[in-house]
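Taking it in order: structure first as structure tokens, then the write-up.
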Amino acid sequence: MDLIEKLAILADAAKYDASCASSGTDAKNSSTGRGVGSTEGMGICHSYAPDGRCISLLKILLTNYCIYECSYCVNRNSSNVQRARFTVDEVVSLTLDFYKRNYIEGLFLSSGVIRNADYTMEQLVAVARALREEHDFRGYIHLKTIPDADGALLAAAGRYADRLSINIELPTQQALADLAPEKDQRTIKLSMARIRARRDEAVADREDWRRQSRRSEKGKPSAFAPAGQSTQMIVGAEPSTDAQILQTSSELYAGYGLRRVYYSAFSPIPDASLRLPVRQPPLLREHRLYQADWMMRFYGYTADEITQSAEPGRAPGMLSLEVDPKLGWALANRGFFPVDLNRDSRARLLRIPGIGVKSVDRILKMRRFHKVRLEDLVAMRAGVKKAMPFVVCANHHPSLNELDSDRLRIRYTPSAQQLSLW
Amino acid sequence: MTQKSLFDDADTPALTAVRIHPDFTSWQQRARQLLLDEVPPQRVWWQADETQSRAIATAGNANIRVPKPFLTQARAASCHRNGDRWALLYHLLWRMTHGEHHLMALSSDPLVVQLHYYAKAVSRDVHKMKAFVRFRAVDGADGDPRYIAWFEPDHYIVEYAAPFFQRRFANMCWSILTPDCCAHWEGRGEVWFSAGADKAAAPGDDLVEETWRCYYRSIFNPARVKIQAMLSEMPQKYWKNLPEARLIPELVRESGNRVDTMTNEVKTAEQLRCGPRPAAPEQTLNDAIQHSEPGSIQQLALAAQKCRNCPLWQPATQTVFGAGPVPAPIMLIGEQPGDQEDLTGKPFVGPAGALLNHALTAAGLRRDELYITNTVKHFKFRARGKRRLHERPREEEIQACAPWLAAEIDQVQPDIIVCLGATAAQAQLGQGMQVTRDRGKVITRQGRHYLITVHPAYLLRNGESPHDLERFVADLQVAARHLQLLRSP
Chain A
7 MDLIEKLAIL ADAAKYDASC ASSGTDAKNS STGRGVGSTE GMGICHSYAP
57 DGRCISLLKI LLTNYCIYEC SYCVNRNSSN VQRARFTVDE VVSLTLDFYK
107 RNYIEGLFLS SGVIRNADYT MEQLVAVARA LREEHDFRGY IHLKTIPDAD
157 GALLAAAGRY ADRLSINIEL PTQQALADLA PEKDQRTIKL SMARIRARRD
207 EAVADREDWR RQSRRSEKGK PSAFAPAGQS TQMIVGAEPS TDAQILQTSS
257 ELYAGYGLRR VYYSAFSPIP DASLRLPVRQ PPLLREHRLY QADWMMRFYG
307 YTADEITQSA EPGRAPGMLS LEVDPKLGWA LANRGFFPVD LNRDSRARLL
357 RIPGIGVKSV DRILKMRRFH KVRLEDLVAM RAGVKKAMPF VVCANHHPSL
407 NELDSDRLRI RYTPSAQQLS LW
Chain B
2 MTQKSLFDDA DTPALTAVRI HPDFTSWQQR ARQLLLDEVP PQRVWWQADE
52 TQSRAIATAG NANIRVPKPF LTQARAASCH RNGDRWALLY HLLWRMTHGE
102 HHLMALSSDP LVVQLHYYAK AVSRDVHKMK AFVRFRAVDG ADGDPRYIAW
152 FEPDHYIVEY AAPFFQRRFA NMCWSILTPD CCAHWEGRGE VWFSAGADKA
202 AAPGDDLVEE TWRCYYRSIF NPARVKIQAM LSEMPQKYWK NLPEARLIPE
252 LVRESGNRVD TMTNEVKTAE QLRCGPRPAA PEQTLNDAIQ HSEPGSIQQL
302 ALAAQKCRNC PLWQPATQTV FGAGPVPAPI MLIGEQPGDQ EDLTGKPFVG
352 PAGALLNHAL TAAGLRRDEL YITNTVKHFK FRARGKRRLH ERPREEEIQA
402 CAPWLAAEID QVQPDIIVCL GATAAQAQLG QGMQVTRDRG KVITRQGRHY
452 LITVHPAYLL RNGESPHDLE RFVADLQVAA RHLQLLRSP
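See below:
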């Protein structure tokens, strides 16, 4: 099998992993080295596929042979897909060839589990080691971590990789037991805990080093996965609710310092398992979960607040598909409004539908010098129309009547036709 | 931009024509001089053209101070294609140095809006250049490959963006050709620039592009076509210079059929194709329990990992069982594991544990001679942003965990049990116990000796007052003395 054939199989096998981020890592570049590569904090999407997803990294599996039997997975043991396996050198040269032509920010390497966790992890680490040590590659590396792999392998992985990830796969232990019997939440969380502990340690070592009066670059402690860890949850393969999904996410963010939880709408795969028949992926639901996740991370909402607000026509524990969750919360909590743009706290301003973090910070700066008026929002290109019923400012007071009106909800509810996705 | 420029002011007499080379430093040098000469923006007519010589950057003037965000935004905006950018920048500079130092905070001011707009357009253009430049390798002069790209930016960004490529591809020789300006790097020295070029000057192909297209085709998921999302980030104007873009129409066209094929596939019976499946984690744990010494504390600890007597197991990482020698003369019982304990699986390893260690040493006790555990074996918390906030366990959770603690006591057979805090005290000795009232004295119940004291976390919350710490140590000393008493013949 030639390299292109392998690439076709092993990229296809990797495409169900949503993450392709290359942001938030240590700054490094090749001007002091002998290889190629740089990372400067901001991620770069080098291309977009017609599925709307960013292509930032060469995202491939080392092999799609896998002894596990996860029903939702295209690479599960019983799947009738064609199998292939890259050599370490093949992955290295693909990465460098692509990188030198500016197609990618780096490599996201994952693998089916072959033999056992340690053996698989060793193979992944070997690729990262070759890139970093033999080729002095300074681009981005994201390594999938196999839960239960040996501590020394994890240490090596964290030394070479910018980001490590372990997929939680499904929001509850019950769902995992049903669909991915070789995995369990305890093992997955233990691995996340180990990564967090090592990261905390590395960060503390760096701090100590920085405090030294006579410090040398040579003595600088090495970083451990400076871009942190992330995970992915599959949405819609089993009956877990959005409330369960977001609850699990918030626990992962709080417990293991995760940078991101990715949500991946369960998507048709070739040779699907009899247990999980093929159906359209719930893309809008996935989108709502990302919005809710954003609200938890940047807007100060808790998972409960987002999923528990009573709204008409909404299944218990599910986010509304009609309106975005921030607007949904506002509609369900009208007593919280109006928010005064000229007086209220940042935390309150952040809850106004249509107004994002950037606009809030601009309003806070501006109001030190003059009263904020509706025109200011227009000039800043904030979502004025959406925000109007919920804000008070120098020249605008929504009528109480309007804030309480049931028609308010209808105003924001798109017609069924606009809803259909294609 | 079709709108009338904000700075046209034809009526103003005595217009001064200022000629500069169109680059930020040249503008900066002239603007500085104009400010010192107190020339208001209405009187300046900026004329930028390539024939003017470039100014050389000099140190700033101590009398002119502008906020850093302005400098960053101005530098970006100066690359915008619109001719009125120099006038805009000078106008802003003038206002900032004439009573409106806070101008950048006024995000709705028309000139500030314009600056943001220009800066944003440029930074997006730069970002797209970093993303969509595609190098093609050709044989270079000395046998090493030279990487050459053709790109068509919207604005004058080549010089602004070049350092990025220099840092990233420091050890390659490369050229980026554009219609306005070309950048070249020889692997050392400085990036040099030449006049704009024709697309024909760039190489027409690279063998690796076929591999790249294979990757692009394979990474696309036909079941989730979202063309608008792709177009908003990768507008069609870029497609002609992206080797992978030619696949897009075909991929979209085929996607429906590919999904139908998956949907209509006739499944046969499932069989393993990659060898035997490994044991499930639960099985592995069960095997470990089976193989450990029956009735031992190790077996108890393993069995406790499976505990689901109450719902606390679900959000927690793991069961945190007791640790220490068995049997042990003293057993310490806390409330429940905290954040660090939950992560490591060991009791009292976090901040409260450090304080406990300190107090034990002060009381003349050795931690490695004690058995330390908790009333509840799972961490109960509320997730709040990046933190897990401790929550007190409820009665039913304490009850659910009681059999584990009873089994531990049974194994450890301590001479004295030290209850750290109210939860442990009440679980062992009944609801009537009050730490403040009952602490520091040996209580005997059904032949077993108990001592109540505070939980070290209480001391942490109270700012570790020396007095409180002394009393805590004194309580622990009571246990130590009691032990000596028991052991003296």
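Here the protein sequences line up with chains A and B, keeping their order.
First residue of the first sequence? That's 7 in the working numbering, and the numbers climb one at a time after it.
First residue of the second sequence? That's 2 in the working numbering, and the numbers climb one at a time after it.
The C-beta atom is built at its ideal place from N, Cα and C for all residues, glycine as well.
Length of the line joining the Cα atoms of residue 113 of chain A and residue 364 of chain B = Along the first sequence, one-based indexing puts residue 113 of chain A at 107. Along the second sequence, one-based indexing puts residue 364 of chain B at 363. Residue 113 of chain A and residue 364 of chain B: Cα-Cα distance of roughly 55 angstroms.
List the DSSP bridge partners of residue 180 of chain A.
-> Within the first sequence, the letter at position 174 stands for residue 180 of chain A. DSSP lists no partner for residue 180 of chain A.
Measuring only between beta-carbons, confirm whether residue 349 of chain B sits less than 9 angstroms from chain A.
-> Your numbering for residue 349 of chain B matches position 348 in the second sequence. No, residue 349 of chain B does not count as interfacial toward chain A.
Residue 274 of chain B: which of A/47, A/124, A/86 and A/178 sits nearest, CA to CA?
-> Here residue 274 of chain B refers to the residue found at position 273 of the second sequence. For residue 274 of chain B, the nearest C-alpha among the options comes from A/86.
Could you tell me how far apart the beta carbons of residue 458 of chain A and residue 133 of chain A are, in whole angstroms, since I believe they sit closer than 8 angstroms?
-> Since the first and last residues shown for chain A are 7 and 428, residue 458 of chain A lies out of range.
Interface residues of chain B around residue 205 of chain A at Cβ under 7 angstroms?
-> Within the first sequence, residue 205 of chain A is the residue found at index 199, counting from 1. Going along chain B, no residue has its Cβ under 7 angstroms from residue 205 of chain A, so there is no contact; the nearest lies around 11 angstroms.
Examine the Cβ distances between the stretch 319-334 of chain B and the stretch 420-434 of chain B and report whether three or more of them are shorter than 8 angstroms.
-> Contact check between the stretch 319-334 of chain B and the stretch 420-434 of chain B: three or more CB pairs, one atom from each, fall below 8 angstroms, which counts as touching.
Residue 154 of chain B, buried or exposed, once every other Cβ within 10 Å from all chains shown has been counted against 16 = The sequence position of residue 154 of chain B within the second sequence is 153, counting from 1. Under this definition residue 154 of chain B is a buried residue.
For the stretch 206-223 of chain B, which residues have a beta carbon sitting closer than 9 angstroms to at least one beta carbon of chain A?
-> 207, 209, 210, 211, 212, 213, 215, 216, 217, 218, 219, 220, 221, 222 and 223
Between residue 172 of chain B and the rest of its own chain, which residues show a CB-CB distance below 7 angstroms, the 5 nearest in sequence each way excluded?
-> Locating residue 172 of chain B in the second sequence gives position 171, where the first residue counts as 1. Answer for residue 172 of chain B: 188, listed in chain order.
Segments assigned alpha helix (DSSP H), at least 4 residues, entirely inside the stretch 191-233 of chain A | 191-217
Do you know offhand how far residue 226 of chain B's Cα is from residue 68 of chain B's?
-> Sequence index remark: in the second sequence, residue 226 of chain B carries index 225 (1-based). Sequence index remark: in the second sequence, residue 68 of chain B carries index 67 (1-based). Each residue's Cα considered, the two are about 45 angstroms apart.
Would you report the Cα separation of residue 259 of chain A and residue 389 of chain B, rounded to the nearest angstrom?
-> Along the first sequence, read from residue 1 onward, the residue named residue 259 of chain A stands at position 253. Along the second sequence, read from residue 1 onward, the residue named residue 389 of chain B stands at position 388. The straight-line gap from Cα to Cα measures roughly 9 angstroms.
From this set, A/230, A/263 and A/90, which residue's C-alpha is nearest residue 236 of chain A's C-alpha?
-> As a first step, residue 236 of chain A is located in the first sequence; it is residue number 230 there, counting from the start. Among A/230, A/263 and A/90, the Cα nearest to that of residue 236 of chain A belongs to A/263.
Listed by chain order, chain B residues near residue 192 of chain A by CB distance under 8 angstroms = To locate residue 192 of chain A, count along the first sequence from 1; it is residue 186. Those are 282, 306, 318 and 319, listed as they occur along chain B.
Reduced DSSP secondary structure (H/G/I, E/B, other) of residue 147 of chain B | Within the second sequence, the letter at position 146 stands for residue 147 of chain B. Of the three classes helix, strand and coil, the one that applies to residue 147 of chain B here is strand, per DSSP.
Do three or more CB pairs link the stretch 72-80 of chain B to the stretch 112-129 of chain B at distances below 8 angstroms?
-> yes
Can you name, in chain order, every residue of its own chain whose Cβ lies under 6 angstroms from the Cβ of residue 30 of chain B, other than the five neighbours on each side?
-> Sequence index remark: in the second sequence, residue 30 of chain B carries index 29 (1-based). Correct list, in chain order: 56.
For residue 156 of chain B, which residues from the same chain have a beta carbon less than 6 angstroms from its beta carbon, with the 5 sequence-adjacent residues on both sides left out?
-> For the purposes of this step, residue 156 of chain B is taken as the residue at position 155 of the second sequence. Counting only Cβ-Cβ distances below 6 angstroms, and skipping sequence neighbours, we find 80, 81, 82, 123 and 126.
Of all the CB atoms in chain A, is at least one closer than 9 angstroms to the CB of residue 138 of chain B?
-> As a first step, residue 138 of chain B must be located in the second sequence, where it is residue number 137. Closer than 9 angstroms: yes.
Would you say residue 106 of chain A reaches chain B, if we count a Cβ-Cβ gap shorter than 9 angstroms as a contact?
-> Here residue 106 of chain A refers to the residue found at position 100 of the first sequence. Residue 106 of chain A has a beta carbon lying within less than 9 angstroms of a beta carbon in chain B.
Within chain B, partners of residue 372 of chain A - CB distance below 8 angstroms = Your numbering for residue 372 of chain A matches position 366 in the first sequence. In chain order: 106, 107, 108 and 109.
Could you tell me if residue 63 of chain B is buried or exposed, where buried requires 16 or more neighbouring beta carbons within 10 angstroms of its beta carbon?
-> As a position in the second sequence, residue 63 of chain B is number 62, starting the count at 1. Residue 63 of chain B is exposed by the Cβ-count criterion.
Comparing the C-beta of residue 68 of chain B with each C-beta of chain A, is any distance below 9 angstroms?
-> To locate residue 68 of chain B, count along the second sequence from 1; it is residue 67. Taking Cβ atoms only, chain A never reaches closer than 9 angstroms to residue 68 of chain B, which makes this a no.
Contact between the stretch 273-293 of chain B and the stretch 60-76 of chain A (3+ Cβ pairs under 8 angstroms) | yes
Taking only the alpha-carbon atoms, compute the straight-line gap between residue 143 of chain A and residue 28 of chain A and give it to the nearest angstrom.
-> Start at 1 with the first residue of the first sequence, and residue 143 of chain A comes out as number 137. Start at 1 with the first residue of the first sequence, and residue 28 of chain A comes out as number 22. Rounded to the nearest angstrom, the two C-alpha atoms are 15 angstroms apart.
According to the neighbour-count rule (16 or more other Cβ atoms, all chains shown, within 10 Å of its Cβ), is residue 104 of chain A buried or exposed?
-> Sequence index remark: in the first sequence, residue 104 of chain A carries index 98 (1-based). The residue in question, residue 104 of chain A, is buried, as its Cβ has 16 or more Cβ neighbours within 10 Å.
Chain B residues whose Cβ lies nearer than 7 angstroms to that of residue 274 of chain A = As a working note, residue 274 of chain A is residue 268 in the first sequence. Those within 7 angstroms of residue 274 of chain A in chain B are 224, 260, 263 and 264.
Could you work out which residues of chain A lie near residue 345 of chain B, taking near to mean beta carbons separated by less than 8 angstroms?
-> Here residue 345 of chain B corresponds to residue number 344 of the second sequence, with the count starting at 1. Correct list: 199 and 203.
Closer than 9 angstroms, CB to CB, is residue 291 of chain A near chain B or not?
-> Within the first sequence, the letter at position 285 stands for residue 291 of chain A. With 9 angstroms as the cut-off, residue 291 of chain A does not count as an interface residue toward chain B.
Determine the chain B residues that contact residue 436 of chain A at a beta-carbon separation under 8 angstroms, and present them in chain order.
-> For residue 436 of chain A there is no data in the structure shown, the boundaries of chain A being 7 and 428.
Residues near residue 55 of chain A in its chain [Cβ-Cβ closer than 8 angstroms; skip 5 each side] | As a first step, residue 55 of chain A must be located in the first sequence, where it is residue number 49. Cβ neighbours of residue 55 of chain A within its own chain (closer than 8 angstroms, five residues either side excluded): 61.
Tell me whether residue 381 of chain B sits in a helix, a strand or coil according to DSSP, three-state version.
-> Taking the first residue of the second sequence as 1, we reach residue 381 of chain B at position 380. The answer is coil: DSSP assigns residue 381 of chain B none of H, G, I, E or B.
Could you name the residues that DSSP lists as bridge partners for residue 60 of chain A?
-> The residue you call residue 60 of chain A lines up with position 54 of the first sequence. The partner list for residue 60 of chain A (beta bridge, DSSP) reads A/54.
Could one say the Cβ of residue 120 of chain A lies closer than 9 angstroms to chain B's Cβ atoms, at least one of them?
-> Along the first sequence, one-based indexing puts residue 120 of chain A at 114. Judged by the 9 angstroms Cβ criterion, residue 120 of chain A is in contact with chain B.
If we cut at 9 angstroms on Cβ distances, does residue 277 of chain B have a partner in chain A?
-> As a working note, residue 277 of chain B is residue 276 in the second sequence. Chain A, which has a Cβ nearer than 9 angstroms to the Cβ of residue 277 of chain B, makes this yes.
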